[in-house]
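Asker: If you read the sequence shown in this note's numbering, its first letter stands for residue 2, the second for the next number, and so on.
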Amino acid sequence: ACVQCGSSSDCSGTTPVCDAGAAACVACGGDYGTAAAAACADVSAPTCMSTGACGVCSTNADCEGDHAGPICNASSGACGTACASDSDCGGDRWCQTKTGDTAGVCVPKLDNGAPVPSGTCTDTAGAQACASGVCDSTDDLCGRGSGSMCASDAECRDGHCASDGKCGTPDGAACVGANECRSGNCSGGVCGFEGHLSGGGGFGSCSVGATPGGGTPTGAPLWALGLLLGFAVWTRRRHRRAR
Numbered sequence: 002a003c004v005q006c007g008s009s010s011d012c013s014g015t016t017p018v019c020d021a022g023a024a025a026c027v028a029c030g031g032d033y034g035t036a037a038a039a040a041c042a043d044v045s046a047p048t049c050m051s052t053g054a055c056g057v058c059s060t061n062a063d064c065e066g067d068h069a070g071p072i073c074n075a076s077s078g079a080c081g082t083a084c085a086s087d088s089d090c091g092g093d094r095w096c097q098t099k100t101g102d103t104a105g106v107c108v109p110k111l112d113n114g115a116p117v118p119s120g121t122c123t124d125t126a127g128a129q130a131c132a133s134g135v136c137d138s139t140d141d142l143c144g145r146g147s148g149s150m151c152a153s154d155a156e157c158r159d160g161h162c163a164s165d166g167k168c169g170t171p172d173g174a175a176c177v178g179a180n181e182c183r184s185g186n187c188s189g190g191v192c193g194f195e196g197h198l199s200g201g202g203g204f205g206s207c208s209v210g211a212t213p214g215g216g217t218p219t220g221a222p223l224w225a226l227g228l229l230l231g232f233a234v235w236t237r238r239r240h241r242r243a244r
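#1: Would you mind stating whether C12 and D32 have Cβ atoms separated by less than 8 Å?
#2: Is it buried or exposed, T16, if we count other Cβ atoms within 10 angstroms and call 16 or more buried?
#3: Checking 8 Å against the spacing of the C-beta atoms, do C143 and D112 come in under that value?
#4: Pull up the CB-CB distance for G127 and G134, whole angstroms please, since I reckon it's below 8 Å.
#5: What do you get for K110, buried or exposed, if any count of 16 or more other CB atoms within 10 angstroms of its CB means buried?
#6: Is the closest heavy atom of the ligand MG to the C-beta of V177 under 7 Å?
#7: Excluding the 5 residues flanking G214 on each side, which residues of the same chain have their C-beta closer than 8 Å to its C-beta?
#8: Check T125 in the structure and name its three-state DSSP category.
#9: Can you list, in chain order, the residues of its chain whose CB lies under 8 Å from that of A104, leaving out five sequence neighbours each side?
#10: Report the partner residues of D87 according to the DSSP bridge assignment.
#11: Considering just the uninterrupted stretch of the beta strand (DSSP E) at G81, what are its terminal residues?
#12: Hey, G14 and A54 are a contact pair by Cβ (cut 8 Å); roughly how many whole angstroms apart?
#13: If A42 sits next to V18, beta carbons under 8 Å apart, how far is it from one beta carbon to the other, in whole angstroms?
#14: Per the DSSP calculation, M150 is bridged to which residue(s)?
#15: To the nearest whole angstrom, what separates the beta carbons of A69 and G81, a pair I think is in contact under 8 Å?
#16: Just the Cα atoms here: how many angstroms apart are A21 and C6?
#17: Once you ignore the five residues that flank C29 on each side, which residues in its own chain have a CB closer than 8 Å to its CB?
#18: What does a CB cutoff of less than 8 Å around V4 pick up in its chain, not counting 5 residues either side in sequence?
#19: Taking 8 Å as the CB-CB limit, is T125 close to chain D?
#20: Look at A130 and V117 and say whether their C-beta atoms are less than 8 Å apart.
#21: So, with DSSP's three-state summary, where would you put A3?
#22: With H, G and I counted as helix, E and B as strand and the rest as coil, what does DSSP make of N186?
#23: Where does A179 sit, in a helix, a strand or coil, going by DSSP?
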């Protein structure tokens with residue numbers, strides 16, 4: 002029988018892998034180092050191309066489909082999961098490279114309220130790691146805090162960018178829930194009114210204050226004072242008649 006190959010070094014082109022059982026050169030079936038049948042055998046040509054040949058990737062497009070990863074390492078020519086820049090990761094993820102690492106890992110962008118990974122909020126850090134694209138320098142968290150400047154509802158942690166360009170609803174404006182209000186209070190459908198009136202009785206309430214020394218209450222209604230005065234006059238007339 003005719004033996005075409007004894008090892009992959011005997012093969013080339015679009016049939017770069019030696020099928021030991023058949024002693025024949027065949028097209029590649031996977032990238033170098035993977036468990037795929039007929040995986041590329043040479044580390045210098047690690048990527049199984051669509052033509053069946055083993056070679057090197059040059060762009061992420063070469064790594065689409067059944068490969069060791071979706072990202073092309075331009076230095077090694079191999080497909081993998083390590084990223085070199087945010088553009089390798091797609092819009093909802095970013096390339097996080099830890100100190101000392103030569104390559105990064107694509108991780109999901111962070112929700113509003115999560116700490117900025119670098120520990121310090123900057124325009125660049127917010128755009129890179131936060132899903133909303135912004136962070137707040139007052140607390141170094143993703144998203145804008147209440148009262149901070151905003152361009153859209155998505156930038157605000159409370160989900161509301163008011164007409165004055167700040168996160169949260171200002172006092173005196175209509176509200177549905179306390180989370181909308183910059184003051185953190187929604188009472189009677191209005192932001193910020195609870196406890197603003199005398200006595201702390203809440204929106205629409207008031208208290209009757211007493212004068213120093215226990216005198217007539219300053220908040221007593223006029224009709225009550227008139228009633229007391231009328232009763233005193235009536236009582237005095239009765240006493241005179243009784244005499």
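All C-beta atoms in this analysis are idealised placements derived from N, C-alpha and C, irrespective of residue type, glycine included.
Nothing here was measured: the structure is a model prediction, and the numbers come from that model.
Answerer: Put simply:
#1: no
#2: buried
#3: yes
#4: 6 Å
#5: buried
#6: The model on display carries no ligand, and the ligand MG is accordingly not part of it.
#7: Because G214 sits at a pLDDT of 47, beneath the cut-off of 50, its placement in the model cannot be relied upon, and the following sentence gives the value as read from the coordinates. Here the set comprises nothing.
#8: helix
#9: These residues qualify, in order along the chain: N74, A83, C84, A85 and T98.
#10: The partner list for D87 (beta bridge, DSSP) is empty, contrary to what the question assumes.
#11: A79 to G81 is the span of the beta strand (DSSP E), which, as asked, contains G81.
#12: 6 Å
#13: 6 Å
#14: As a beta-bridge residue in DSSP terms, M150 pairs with K167.
#15: 5 Å
#16: 8 Å
#17: Within the same chain, Cβ atoms closer than 8 Å to the Cβ of C29 are found at P17, V18, A39, A40, C41, C49, M50, G53, A54 and C55, the five residues on either side in sequence being excluded.
#18: A24
#19: No chain D appears in this structure, which consists of one protein chain only.
#20: yes
#21: It should be pointed out that residue 3 corresponds to Cys in this sequence rather than to Ala. Three-state result, C3: coil.
#22: Coil.
#23: helix
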